[in-house]
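Shown next, in structure tokens, is the structure this report addresses.
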Amino acid sequence: MKFSKTIIAGLIMFVGVNTFAQKKAEKFEKLQIEMFPKAKEGFKQVYIQLPIAKNESDLKVEFFVGVEKMLDCNKHFLMGKVNNQDLQGWGYNYYEVESKGETGGTLMACPDQKLTKKFVSLQPETVRYNSKLPLVFYVPKDMEVRYRVLRPDVMKKAVQR
Numbered sequence: 026m027k028f029s030k031t032i033i034a035g036l037i038m039f040v041g042v043n044t045f046a047q048k049k050a051e052k053f054e055k056l057q058i059e060m061f062p063k064a065k066e067g068f069k070q071v072y073i074q075l076p077i078a079k080n081e082s083d084l085k086v087e088f089f090v091g092v093e094k095m096l097d098c099n100k101h102f103l104m105g106k107v108n109n110q111d112l113q114g115w116g117y118n119y120y121e122v123e124s125k126g127e128t129g130g131t132l133m134a135c136p137d138q139k140l141t142k143k144f145v146s147l148q149p150e151t152v153r154y155n156s157k158l159p160l161v162f163y164v165p166k167d168m169e170v171r172y173r174v175l176r177p178d179v180m181k182k183a184v185q186r
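See the structure below:
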């Protein structure tokens with residue numbers, strides 16, 4: 026009798042935890058990306074699939090195209106640009122990156138000459154949040170795309186002088 030109660034209690038706990046985990050999991054739209062062109066030689070296609078969110082019109086996505094490099098203490102940036110392209114006949118857009126991977130930066134003296142691994146990127150861009158459409162990128166093979174979701178803060182009032 027005790028054994029069957031233990032098994033039943035265990036099953037109830039398992040079902041409860043599993044249900045909670047499924048509710049906690051992010052929900053995604055099934056995305057279609059077959060209509061986007063294939064990557065050119067030396068490039069790769071990467072995409073961001075955003076989860077379904079409440080009030081998507083309040084959210085923004087900031088993306089960074091870059092590469093990890095061994096760099097000194099200066100502030101660095103990647104030279105190049107991101108071009109917004111129209112997918113003809115679909116009304117969608119995608120992003121093509123123009124960069125040779127060259128970096129620029131400040132010219133401060135670094136006393137220890139120590140190099141550390143840093144992610145250096147092109148100028149970040151901000152786009153609207155839309156879980157129904159993928160953000161598709163064509164980047165050089167050695168680069169990657171990182172992103173973050175920007176959420177609104179509580180509105181504050183400016184100080185009057």
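Residue 172 in our numbering sits at position 147 of the sequence shown, with consecutive numbering throughout. Every residue, glycine too, gets a C-beta built ideally from N, C-alpha and C.
- Between the alpha carbons of Gly91 and Arg176 lies a distance of about 23 Å.
- For Asp111, the three-state secondary structure derived from DSSP is strand.
- Sixteen is the threshold: when 16 or more other Cβ atoms of the shown chains lie within 10 Å of the Cβ of Gly105, as they do, the residue is buried.
- Look at Glu169 here: in three-state DSSP terms it is strand.
- Spanning the alpha carbons of Leu75 and Lys157 requires a straight line of approximately 8 Å.
- Residue pairing from DSSP places Ser146 in a beta bridge opposite Gly91.
- The C-beta of Pro136 has fewer than 16 other C-beta atoms within 10 Å across all chains shown, which makes the residue exposed.
- At the C-beta level, Val145 and Thr131 stay beyond 8 Å of one another.
- Secondary structure at Glu123: strand, using DSSP grouped into helix, strand and coil.
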